[in-house]
Amino acid sequence: MVASAPAGSSPGAARQHRLRAWMLEGLADMAKHHPGPHAGPQSAHRGQRWWRVMCLTGVDYFSTLGYQPGIAALAAGLLSPIATIVLVIVTLAGALPVYRRVAKESPHGQGSIAMLERLLSFWKGKLFVLTLLGFAATDFLITITLSAADASTHLVENPHVSSALHNGQLVITLILIALLGAVFLKGFLEAIGVAVVLVGLYLALNVAVVVAGLWHVATAPHVVADWSHALTTEHGSPLAMVGVALLVFPKLALGLSGFETGVAVMPHIEGDPGDTEERPTGRIRGAKKLLTTSAVIMSVFLIVTSLITTLLIPADAFKPGGEANGRALAYLAHEYLGSAFGTVYDVSTIAILWFAGASAMAGLLNLMPQYLPRYGMAPHWARAVRPMVLVFTLVAFLVTWIFNADVDAQGGAYATGVLVLISSAAIAVTIAARRARERGWTTGFAVISLVFLYTTIANVIERPDGVKIGACFIAGIILLSFLSRLARAFELRVTSVVLDTMAERFIRDIAHRKIRFIANEPDQRDLAEYRDKLQQIRTDNDIPVDDDFIFVEVTVGDPSEFESELRVRGEVMHGRYRVLCLESSTISNALAALLLHARDLTGALPHIYFEWTEGSPFAQFLRFFLFGQGEVAPVTREVLREAEPDRDRRPRVHVG
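Structure representation (structure tokens):
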């Protein structure tokens, strides 16, 4: 529900309040809420039918028909159909099994990144995830910009408008990206509705083009004979043909795009009524149907279109500047079905290429908020859809301007992002199968991993610019993430405080007098440690002997974690000293959360006593930022100051 503006506010302030409420509406993800760990059965099955979500990913996957036959013809020449068959085999026997396993292992949309995140902990795990997110951002954002640029290319090269729109490709691309962002600002359901219409229309028109192409091949049998003769003359034996097809396969790797987004939008697939977030069986089944159906449809189209374009289009027409360059099926549509149908086909191609960025935008909106805010590496508003839509749209504007809306210039980065993510997925499922002691699947997935690693390396060697662009995205994400974490370092960062029975009894008992805590760094935990610490605190702060104290000890777990629940356990040490034991990613934030919780629980104002820590203030801050320790006293006070602006209600910090 959108909050109303405060009474008595000015019209301008009211408008600003409504705009802010609209921008932050649906904080969590697109059109639906990610339930917590205790969500009921009804929380996980809301969503869209799997075939509707397939259309959202299909605008990316199926739109590659607009340029994939041309890429295959340029890369493999007469071998294009055979090379495409190799691509289809890799798709159905490699990528499809991998991502069906990813859907099972990571059903909340994080994909292989979540699977690999579990293998590493501490900062090395976070840096590894940020690197993969950089490649994911490369894949998804370049999908948005490249598809929009390709759509504008089809528009500019249409014979009816080419003279009027000449040299306007950059402006047209920016307009298309802005329109895509506007659809997502409107709402996620609208995006799916548009995708269903575009995919249905585009596939129907492609069926018409394929049927027309096959008819002309059937009525001109010499075409097949001429192609077969030329193929044998050029390559000799069938074995040589297969070898060359395998060598050129990495150049056709763009035909594998769409699997990562298919997994990324899984949270929007409707599940069974009994699904829970821990066991979303219906969602997983729907995702597997989505992946399998789209892969089979695409494989059939790839084989048939590569055949008819190779047989019916002159080789020179595929080259840069040729009539079929980047638009082979559009060329056949105009050639065999007339100018009117060809124009309709062009319009549908432009529309689906423009909206191909929708699946990428959906993937970004689902993926990034699941990691960066949780790591403390993005502002709170990064969990909301509309602000992130604006951010991604502006970044897409920048990328388009840098590359001047050039499709070829962005192709290397796109292929690199796609292949790195597919390779990481293959490695992740190999590890998962090995841990499950599934020898057959482990061997199969290991072979698939090698195939994708070879493809990735070959692509990087041929087009190193893709790695350079990906490195820029990675560097940008890491830099912005650490700046955000630095800015949020003094947040409370504790989602909830849970006291055990003993700890709650300690706090309620001492609240009858004055709540005094002593922050103690646990060492030997022997009698002398607590006795000497207590005596030092009394002496430094001139506190009477009969005043009561409770020791507080924080054990640092994973300092790279940002938010966590704080569990407090009460102990009696050596029969006389009461100790509250905490485990957290940072000492200062945990102590501040405990103090505020004790205040709210008892209504009394707690006091906490520290010793100064020796060492450089800058070095101590780095220890706090990276390892959750450092100079605890001033940081605890700063966290309290940010969390409680009222000085009269702020717990007291004493340092001696």
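For the numbering used here, add 435 to where a residue sits in the sequence shown, where the first one is 1.
Think of the CB as a built atom: it goes at the ideal place given N, C-alpha and C, for glycine as much as any other residue.
Buried/exposed call for residue i, threshold 16 Cβ in 10 Å
i     : result
K903  : exposed
W1047 : exposed
K754  : exposed
H703  : buried
E1066 : buried
K686  : buried
T890  : buried
H480  : Because the pLDDT at H480 is just 41, under 50, the model does not fix this residue reliably, and the value given afterwards should be weighed accordingly. Buried: at least 16 other Cβ atoms inside 10 Å.
T524  : The question names Thr, but residue 524 is Ile in the sequence shown. Exposed, since its Cβ has fewer than 16 Cβ neighbours within 10 Å.
M465  : Note that M465 has pLDDT 39, beneath the 50 cutoff, so the model's placement of it is unreliable and no number is given.
H670  : buried
D977  : exposed
V632  : exposed
S995  : buried
G846  : buried
N839  : exposed
A922  : exposed
H1032 : buried
R1072 : buried
V1070 : buried
R1082 : exposed
Per DSSP, the bridge partner or partners of residue i
i     : result
M1008 : Y1012
I1043 : F952 and V1088
F557  : F557 is not bridged to any residue.
F986  : I953 and V1014
L934  : V1003
S1019 : V991
V929  : S999
Q483  : I704
Inter-residue Cα distance where the pair is residue i and residue j
i     : j     : result
E998  : G1091 : 30 Å
S663  : M812  : 58 Å
L856  : I942  : 51 Å
G546  : R535  : 11 Å
R484  : V634  : 15 Å
T1037 : G1010 : 25 Å
F570  : I743  : 35 Å
V895  : T851  : 7 Å
A867  : V618  : 38 Å
I953  : R553  : 36 Å
E897  : Y849  : 14 Å
V488  : L726  : 10 Å
L1029 : M1008 : 20 Å
V820  : G544  : 16 Å
I1022 : I627  : 46 Å
V739  : V645  : 7 Å
K621  : R872  : 47 Å
A647  : A768  : 8 Å
L491  : A630  : 5 Å
V652  : G777  : 19 Å
L611  : S587  : 8 Å
L681  : L885  : 14 Å
Residues near residue i in its chain [Cβ-Cβ closer than 6 Å; skip 5 each side]
i     : result
G563  : Position check: residue 563 holds Phe in this sequence, whereas Gly was assumed. Only L555 meet the Cβ criterion.
R1085 : L1075 and E1079
Q477  : With a pLDDT of only 36 at Q477, under the threshold of 50, the placement of this residue in the model should not be trusted; the figure read from the coordinates follows. Taken in chain order, the list of residues that qualify is empty.
F908  : G569, A572 and T573
E1077 : F925
L799  : F575 and F827
I972  : I953 and Y1044
Close-in-space but distant-in-sequence residues of the same chain around residue i (CB under 7 Å, 5 per side omitted)
i    : result
S741 : P504, A507, S515, P516 and T519
L609 : F832 and T835
D495 : T578, S692, G693, T696, A791, S794 and A795
T877 : T865, A868 and R869
A938 : V1003, R1004, G1005 and L1015
L888 : S858
Own chain partners of residue i with C-beta closer than 8 Å, once the 5 adjacent residues on each side are dropped
i    : result
G501 : D585, H589, G761, R762, L764, A765, T784, I787 and L788
D935 : R1002, V1003, R1004 and G1005
A510 : A518, V683, K686 and L687
M676 : L514, I517, L666 and H670
E705 : H480, R481, G482, Q483, R484, W485, G717, R718 and G721
E758 : A752 and Y766
Any non-hydrogen atom of the ligand HEM closer than 7 Å to residue i Cβ
i    : result
S858 : As for the ligand HEM, it is missing from this structure, which has no ligand bound.
For the region 569-646, which segments carrying the alpha helix (DSSP H) assignment without a break, of at least 4 residues, lie completely within its bounds, in sequence order?
-> Given a length threshold of 4 residues, each whole run of the alpha helix (DSSP H) inside the region 569-646 is given here in chain order: 604-621.
Taking only runs that begin and end inside the region 672-754, name each unbroken alpha helix (DSSP H) of 4 or more residues, in chain order.
-> You should have 673-683, 694-699, 716-747 and 750-753.
Run through the region 894-929 for me and flag every whole alpha helix (DSSP H) of 4 or more residues, listed as ranges in chain order.
-> If we require 4 residues or more, the alpha helix (DSSP H) runs fully inside the region 894-929 come out as 900-922.
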